[in-house]
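Undergrad: One structure follows; several queries about it will come next.
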Ligand SMILES: [Zn+2]
């Protein structure tokens, strides 16, 4: 896995989201729609954006963006600390496949499932 490329990607994503959050805060919620990157994350956000914009719940979108932003910060910290790619709960490797789909994942699939069940 190319951690330098990943870090660059995370930093770019962080910048983009920071701007989006700022704009959402200013009431300009359309900025998320023209994201051009083709990462799975963007696709997900686009879907989320479409759903929430349909309902005109910009606050939810902003909170969502903030939550992802926090995840990115966490991933960057973990990259620097050298713990990126390991599960925060059980310490097992999260797995490249999962990280490709969810680059900000902090839990392995097992722990994530357990967490989702307990919600
Ligand atoms: Zn785990």
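Numbering (the working numbering), first residue to last: 2 to 120. Don't be surprised by glycine CBs; every beta carbon is placed ideally from N, CA and C.
With a threshold of 7 Å, establish whether the CB of residue 100 neighbours any heavy atom of ligand 1.
TA: As a working note, residue 100 is residue 99 in the chain shown. Because no heavy atom of ligand 1 lies under 7 Å away, the Cβ of residue 100 does not count as near it: no.
Undergrad: What's the call for residue 86, buried or exposed, on a 16-neighbour Cβ count within 10 Å?
TA: Reading the chain shown from its first residue, position 85 is the one you call residue 86. Residue 86 is buried by the Cβ-count criterion.
Undergrad: Report yes if the C-beta of residue 93 is less than 7 Å from at least one heavy atom of ligand 1; otherwise report no.
TA: In the chain shown, residue 93 corresponds to position 92, counting from 1. Correct: residue 93 has its Cβ closer than 7 Å to ligand 1.
Undergrad: If distances are taken between C-alpha atoms only, which option among 67, 99, 104, 65 comes closest to residue 77?
TA: Counting from 1 along the chain shown, the entry for residue 77 is found at position 76. Considering only alpha carbons, the answer is 104.
Undergrad: Assuming residue 22 and residue 71 make a contact with CB atoms under 8 Å, what is their CB distance in whole Å?
TA: Your numbering for residue 22 matches position 21 in the chain shown. Your numbering for residue 71 matches position 70 in the chain shown. Not quite, the Cβ-Cβ distance comes to about 11 Å (not below 8 Å), so this is no contact.
Undergrad: Would you give the residue range spanned by the alpha helix (DSSP H) that residue 3 belongs to?
TA: In the chain shown, the residue the question calls residue 3 occupies position 2. Element bounds for residue 3: n/a, residue is neither H nor E.
Undergrad: If you compare alpha carbons, which of 75, 91, 26, 81 is closest to residue 64?
TA: Mapped onto the chain shown, residue 64 falls at position 63. Looking at the Cα atoms, 26 is the closest of the given residues.
Undergrad: Going by beta carbon distance, what residues of the same chain come within less than 7 Å of residue 99, once the five residues before and after it are set aside?
TA: In the chain shown, residue 99 corresponds to position 98, counting from 1. The residues are 106, 110.
Undergrad: Let me know the secondary structure DSSP gives residue 107 once reduced to three states.
TA: Within the chain shown, numbered from 1, the residue matching residue 107 stands at position 106. Note: residue 107 maps to coil in three-state DSSP.
Undergrad: Does the Cβ of residue 14 have 16 or more other Cβ atoms within 10 Å, making it buried, or fewer, making it exposed?
TA: One-based indexing of the chain shown puts residue 14 at position 13. With 16 or more other Cβ atoms within 10 Å, it is buried.
Undergrad: Whole angstroms are fine: how far does the CA of residue 18 sit from the CA of residue 84?
TA: For the purposes of this step, residue 84 is taken as residue 83 along the chain shown, with counting starting at 1. For the purposes of this step, residue 18 is taken as residue 17 along the chain shown, with counting starting at 1. Going from the Cα of residue 84 to the Cα of residue 18 covers about 23 Å.
Undergrad: Which of the three DSSP states, helix, strand or coil, is assigned to residue 61?
TA: On the chain shown, position 60 is the one that residue 61 refers to. Helix at residue 61.
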